[in-house]
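> Chains as they are written, first to last, in the working numbering: chain A, 1 to 378; chain B, 379 to 758.
Note that beta-carbon positions come from the ideal geometry of N, C-alpha and C, so glycine has one too.
All values derive from a computational prediction rather than experimental measurement.
Below is one structure. I have some questions about it.
Next up, the structure:
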């Protein structure tokens, strides 16, 4: 048991912190209010190595590991959750290609993704009729003489209209998980059309779109991994992705605690400051305790992944705990701010909205509990 | 960052687990029912070095660290929460302050046999009118030549009825409040040391507690811990460590409850299948497992800081607060999963639920832990 960070981990965290504070935080409110996609910021993140934190150096990544990735994501999310989710998905897609791709695929896609030249990566798994039950997906990929023909519709695709590389999951075989394959699709590929960006409660600076595939033709080598091996890739991505969402929730928790602490020390009531009232002190104490537990659960899962040990159960525990804690405490942070918590002059109303999706995407809380239960009942 | 245990730690964990499964779990229900102090089990703990885990070998202890202590406390409390608190009080509340604040001569006589587990220690801070507000205590010690004369009373003193010595907090300068408190090691065989009747408690009934009255009790000056006026500081530093012990006790209780609920859920059939197949039950178990892990990680963090010699008041308070409230929730759910059987003494679920309740109260209530955390948080 050693909670010290390595030099590399400290370096990545500090880099992310500086970038978050200097480049993301000052514009986060405007980005949210006007739904501005962070194109320039993603490019800068790429230049700093933050789009491929756990990607090998030979492919342009930082090769700093999963704990470093979680540290970076938490720093970014405290400043701007919208930018962070685009960064996180790009990391996730790059990591899967680096892990499952052929040499040619790795060279063709990964450096573009991690440098920011591809703007972002997108991960197209969810569909209108299948969210949590991903193995039921109906988008199809049919093999023909020249390669593959994809038809169907994807839903809730983060950066789907901006991404230079889209990882698409489609059915190539019979029903169930074993009939699913993964494909690498270039942004703007003929036959793939992005719909109108969703109007969301939070993460308003990120773009979430439906993607329609109408006879979208892909070359034979667009297949990532083996035919029928797509579900395994999706689950591997989501196991790691859960660490990413946990880190986003940690960022929100830290932001809520910092904002609430500052406000409570300044705001006067009943002849003193809010911070002198036990009712407020206890909210802060609970927030800090849950934050500490959230960090430990997240870093434990990340550290297991770094060591190549199984981490499915730990990642799900981390995700459900961190995301639910972020929701509880974002609500308390609004409460501590009173009426000011409800307007966008303070960041907590944005944190409240940004936190809400964290118990939904990359596996709802219900799915996390199913995973944990499956693991403990084995 | 690395969350793996060392080989030494894993070996100790295994030893304690086997001991608990063999010696504690099979007896805990009976001890609870008859309020039996587990004398033989405590003697065996002593043989394993568990009565002075983190005290150096030169002073009779096992010479291990706080992480080892935490691991041992979890396993022992999983077997029997009463035995867990007996062990915790001797380790954290008696041996630790005597080791840190006693003179060499004092340690020779009043630490070594206790760390070896030949004698048992207890800790006297709480009074009838001074619980969380420890500075409000009224027991006095007045200097009289080479002695102090002590008058007053303490209550809720765990191990009090069996203890050979007590780390006792008294007012030597009542006008100074916190800064007027002084600590002593007091022989429980001293004239003027009077035990009250046993407390009749909701849980941890195999560990005994009682009131203690001090009637003009004479204690030699050399039995003072530190200087006059340092008692409050000693008490607070002791409780920082004690909280890790109680957090582990809460964790051990929760784990026992969770493991039994998991087993029951796999065996018990309802609606044509084991209730473990029902999502309502699965989700309860998933939350229990998640919160147990979160508590353990908070404890390990506090213990790791203690081992590094870093201040850990807030981290200990977080561990204690989270683990004890978690234990309340988990034992409640475990009983719920057992249904009506959970309410009967034929299963251990009801005992775990009663045992867990105290962990939110002693060695600093949840309310005090939140004050400690908030104070650290709001400091500039």
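1) Excluding the 5 residues preceding and the 5 following residue 111 of chain A in the sequence, name in chain order all residues of the same chain whose CB lies nearer than 7 Å to its CB.
2) Quick check on the DSSP output: the beta strand (DSSP E) that includes residue 467 of chain B runs from which residue to which?
3) Using a Cβ-Cβ cut-off of 7 Å (strictly less than) and excluding sequence neighbours within five positions of residue 354 of chain A, which residues of its own chain qualify?
4) Residues of chain B with CB closer than 9 Å to the CB of residue 303 of chain A, please, in chain order.
5) From the DSSP output, read off the bridge partner residues of residue 529 of chain B.
6) Could you have a look at residue 505 of chain B and say whether DSSP puts it in helix, strand or coil?
7) What residues from chain B crowd round residue 289 of chain A, counting only those whose CB sits closer than 7 Å?
8) Indicate whether at least one CB of chain A lies closer than 8 Å to the CB of residue 649 of chain B.
9) Taking 8 Å as the CB-CB cut-off, is residue 748 of chain B touching chain A?
10) For residue 379 of chain A, which three-state DSSP category applies?
11) Just to make sure I have the definition right: I need the residues of chain B whose C-beta is within less than 9 Å of the C-beta of residue 74 of chain A. Which are they?
12) What is the rounded straight-line gap between the Cα of residue 747 of chain B and the Cα of residue 281 of chain A?
13) Just to confirm the assignment: which complete alpha helix (DSSP H) runs, minimum length 4, are found wholly within the segment 229 to 317 of chain A?
14) With 16 other CB atoms within 10 Å as the buried threshold, where does residue 722 of chain B fall?
15) Within the 8 Å Cβ cut-off, does residue 320 of chain A reach chain B?
16) Can you list, in chain order, the stretches of the alpha helix (DSSP H) that have 4 or more residues and sit fully within the segment 96 to 184 of chain A?
17) From which residue to which residue does the alpha helix (DSSP H) around residue 394 of chain B run?
18) My understanding is that residue 457 of chain B touches residue 398 of chain B, with C-beta atoms under 8 Å, so please give their C-beta distance in whole angstroms.
19) Just how far apart, CA to CA, sit residue 500 of chain B and residue 325 of chain A?
20) Three or more beta-carbon pairs under 8 Å between the segment 580 to 599 of chain B and the segment 519 to 532 of chain B, yes or no?
21) Strictly under 8 Å for the Cβ-Cβ distance: is residue 679 of chain B near chain A by that measure?
22) Since I believe residue 336 of chain A is in contact with residue 274 of chain A (beta carbons under 8 Å), could you give me their beta-carbon distance rounded to a whole number of angstroms?
23) Using the beta-carbon count (16 or more within 10 Å), is residue 736 of chain B buried or exposed?
24) Helix, strand or coil for residue 611 of chain B, going by three-state DSSP, please let me know.
25) Is DSSP giving residue 587 of chain B helix, strand or coil here?
26) List, from N- to C-terminal side, the alpha helix (DSSP H) runs of 4 residues or more that fit wholly inside the segment 400 to 435 of chain B.
27) Considering Cα atoms alone, identify which of A:105, A:180, A:207 is closest to residue 35 of chain A.
28) Would you mind telling me which residues of chain B sit closer than 8 Å to residue 265 of chain A, beta carbon to beta carbon, in chain order?
29) Taking all protein chains shown into account, do 16 or more other C-beta atoms lie within 10 angstroms of the C-beta of residue 9 of chain A, making it buried, or fewer, making it exposed?
30) Do residue 663 of chain B and residue 301 of chain A have their C-beta atoms within less than 8 Å of each other?
31) Could you work out which residues of chain B lie near residue 300 of chain A, taking near to mean beta carbons separated by less than 9 Å?
32) Run down chain A in chain order and give the residues with a C-beta less than 7 Å from the C-beta of residue 386 of chain B.
33) Which residues in chain A have a C-beta closer than 7 Å to the C-beta of residue 663 of chain B? List them in chain order.
34) Rounded to whole angstroms, what's the CA-CA distance from residue 306 of chain A to residue 642 of chain B? Just pull it up for me.
35) Skipping 5 residues on each side, what residues in its chain have a beta carbon closer than 6 Å to that of residue 571 of chain B?
36) Beta-carbon of residue 239 of chain A versus every beta-carbon of chain B: anything under 8 Å?
Here's the rundown:
1) 59, 60
2) No beta strand (DSSP E) holds residue 467 of chain B; DSSP gives it neither H nor E.
3) 81, 202, 203, 252
4) 379, 380, 381, 382
5) B:518
6) strand
7) 696, 699, 700, 751
8) no
9) yes
10) Chain A is shown only over 1 to 378; residue 379 of chain A falls outside these bounds and no answer can be derived.
11) The premise fails here: residue 74 of chain A is roughly 13 Å from chain B at the closest Cβ pair, so nothing lies under 9 Å.
12) 11 Å
13) 230 to 266, 278 to 306
14) exposed
15) yes
16) 103 to 115
17) 385 to 397
18) 3 Å
19) 38 Å
20) yes
21) yes
22) 7 Å
23) buried
24) helix
25) strand
26) 403 to 412, 417 to 425
27) A:207
28) 756
29) buried
30) no
31) 379, 381, 671, 675
32) Per Cβ cutoff of 7 Å: no residues; residue 386 of chain B is ~12 Å from chain A at best.
33) 373, 376
34) 35 Å
35) 595
36) no
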